[in-house]
Amino acid sequence: MTAENPYSVGLEVDGMYAQQQSGTAIALDSVFSLLSHPNSIIPDIENNFYQVNMAVAWQVLFALLILVGELIRRLVKLSQPRIRYATEDFDLEKLSRYPIPQIKGKEKYRTTMGLKRLDQRNWLTIDKNYMEEHKLRDSLFRNQRSKVFHCAPESHHACEETLQVVTTYLCKRYPAMFKLDGNTVKITKTSEEFHLKDPTKAMEPLEIAARLAMEDLSVLLENDKGEMYLAATASLFPIGWCAKDRIGYTISQMHGPVPLWHKEVEFSVNKFLSRLSVDTPMERSSYFIQVAAPGEPLDSILFKPAGFSYDNTEPQPENIIVRRERQTFLRLPESGAIVFGVKTTLTYLPELDLEELNNLAKEVRSWPDSVAKYKGRDQWGAVALGYTEARAASKTA
């Protein structure tokens with residue numbers, strides 16, 4: 006049985022509240038009807054002032070509670086930043102990136118999943134860096150293909166569904182950027198056209214999806230032991246791994262070298278992935294500290310299949326990077342596969358405000374030795390912490 010795809014329609018309206026709004030409308034009709042016919046509430050005021058039809062009174066109370074709840078919801082929604090859709094006259098060069106969650110400044114380190122409900126209106130995002138990164142992604146597909154792209158045969162149906170969902174979403178969310186004409190999708194800013202059902206198979210479906218988006222996209226399937234594994238990936242900006250080596254790995258195997266992961270979250274992660282439903286997509290964020298070499302080009306900074314290297318680098322505040330990943334988890338309705346998306350953004354240390362800089366310092370100091378070694382703190386920690394202290398001192402001076 007095929008479930009309705011929640012990402013194919015209604016992107017302009019937050020579908021989460023559609024049923025609530027319908028219920029609210031019915032409840033409001035009941036309130037107005039009751040208020041306009043007071044005798045239906047108080048059967049006979051003169052004969053018995055205190056006798057009230059309790060069933061109707063409870064109905065009024067329930068309707069009023071729904072009304073109050075709806076008013077609160079709308080006030081909360083109005084307090085949130087408005088979502089700016091890419092209309093026909095939008096300027097890509099001025100399109101700011103999706104807000105990045107701030108580093109929280111936890112003083113006690115603990116490995117957590119840090120999951121929250123996915124902001125479905127912004128599942129896939131584009132910003133002013135689209136054109137530059139799009140060129141990099143094209144170059145990596147051409148020159149580093151085996152390291153960034155691989156699809157196991159059993160993933161083909163899920164990859165086709167991924168392309169369908171990605172294309173539909175982008176064309177509705179960014180109609181000035183992406184145009185769908187039959188089985189052809191066009192990127193208007195580059196004039197590139199991709200055939201969604203190409204009988205020649207000149208380009209794999211997942212590759213097309215990853216060329217359209219700014220996110221790296223992977224497809225997870227369940228094996229015969231009930232574990233999710235990497236069945237297909239288009240990961241252009243990896244850290245410490247490449248596609249040809251990791252296809253077929255379970256999630257637990259992929260996190261093999263991560264300190265404390267198996268002890269603290271392995272069970273919870275596998276449980277979460279097995280229970281993820283079509284209606285409850287999720288997201289999380291993580292960050293890494295990276296040191297760029299002087300004059301290092303963007304493609305070299307983003308494409309790190311061998312991991313971070315500190316050879317021939319002299320860490321300075323201006324070349325220390327907070328590399329963040331927004332990770333999304335979406336269950337496909339037809340194949341049941343999970344699409345794992347990763348959007349990478351780079352923030353140089355001097356670009357952080359003082360509050361977040363202090364939060365970063367707190368977390369860096371809290372890392373256990375095994376975590377600190379894994380994250381390379383010995384290579385850049387003294388410089389980053391010294392810079393933070395200097396910024397704080399100049400602020401109070």
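If you read the sequence shown in my numbering, its first letter stands for residue 6, the second for the next number, and so on.
Built from N, CA and C at the ideal position, the CB exists for glycine as well.
Per DSSP, cross-strand counterpart(s) of residue i
i, result
"G346", "L222 and T333"
"C156", "A237"
"D186", "T189"
"I294", "V327"
"L351", "R328"
"M287", "R122 and F334"
"K309", "I244"
"E197", "I192"
Same chain, Cβ closer than 8 Å to residue i, five either side skipped, listed in chain order
i, result
"G183", "According to the sequence provided, residue 183 is Phe. The question's Gly does not apply to it. If we look at F183 and ignore the five residues flanking it on each side, its Cβ neighbours are T172, L175, C176, V190, K191, I192, T193 and L217."
"E212", "F146, F154 and A239"
"G312", "I244 and G245"
"G231", "S279"
"I105", "S290, R329, R331, T350 and T352"
"L265", "T116, P373, S375 and V376"
"V81", "Confidence at V81 is low in this model, with a pLDDT of 48, below 50, so the placement of that residue should be treated as unreliable; the coordinate-derived value is given next. No residues qualify anywhere along the chain."
"M233", "L225, L226, E227, T255, I256, N275, L278, S279 and I343"
"D304", "L141, S144 and L145"
From the options, residue whose alpha carbon lies closest to that of residue i
i, options, result
"H267", "L307, S151, R115 and K202", "R115"
"G386", "S305, L76, L185 and Y315", "Y315"
"K202", "D186, K133 and P373", "D186"
"E227", "L354, G391, S257 and D132", "S257"
"R126", "R178, R150, E166 and S151", "R178"
"N363", "A397, E356, V344 and V376", "A397"
"P180", "V388, E138 and T130", "T130"
"Y135", "G341, K206 and A215", "A215"
"T393", "I71, L354 and I252", "L354"
"E98", "E137, V73 and I71", "E137"
"T195", "D143, A236 and K121", "D143"
"T255", "C247, E269, A248 and A236", "A236"
"K249", "L225, R150, D132 and L100", "R150"
"N324", "A62, S282, E339 and Q384", "Q384"
"K121", "L335, A389 and E356", "L335"
"P286", "A62, V73, W128 and L100", "W128"
"I252", "L303, E356, F67 and E159", "E159"
"Q169", "E209, K380, H139 and K140", "E209"
"V347", "L66, E288, G381 and P310", "E288"
"E282", "Y103, S101, P338 and E197", "Contrary to the premise, residue 282 reads as Ser rather than Glu in this sequence. If we check each option's Cα against that of S282, P338 comes out closest."
"Y103", "D96, K133, M118 and G74", "K133"
"M118", "L76, H200 and E269", "E269"
"Y379", "E356, G391 and P262", "P262"
"P310", "L359, M259 and C247", "C247"
"F345", "H139, C164 and D358", "C164"
"M219", "H139, V65 and L390", "H139"
"F293", "N148, H260 and G381", "G381"
"E166", "L66, D124 and S223", "S223"
Any C-beta of chain B under 8 Å from that of residue i
i, result
"G110", "Included in the structure is just one protein chain, with no chain B present."
Same chain only: Cβ atoms within 6 Å of residue i, ignoring 5 sequence neighbours per side
i, result
"S399", "none"
"A60", "none"
"Q295", "F313, I326 and R328"
"A395", "none"
"Q107", "E361"
"H162", "S340"
"V388", "P320"
"E198", "T189 and K191"
"L100", "D132 and K133"
Cut-off 7 Å between Cβ atoms - residues of its own chain near residue i, not counting five sequence neighbours on either side
i, result
"F242", "D221, L307, F308 and T349"
"L359", "R396, A397 and K400"
- Message: Could you tell me which whole alpha helix (DSSP H) segments of length 4 or greater appear in the region 199-258?
- Response: 210-217 and 248-251
- Message: Contact between the region 320-331 and the region 149-156 is defined here as three or more beta-carbon pairs at a separation below 8 Å; is this criterion met?
- Response: no
- Message: Does the region 266-273 come into contact with the region 297-309, if we say contact requires no fewer than three beta-carbon pairs (one atom in each stretch) closer than 8 Å?
- Response: no
- Counting only runs of 3+ residues fully inside the region 88-153, write out the beta strand (DSSP E) ranges in chain order. none
- Message: Could you check whether the region 98-112 touches the region 362-370, counting it as contact only if at least three pairs of C-beta atoms, one from each stretch, sit closer than 8 Å?
- Response: yes
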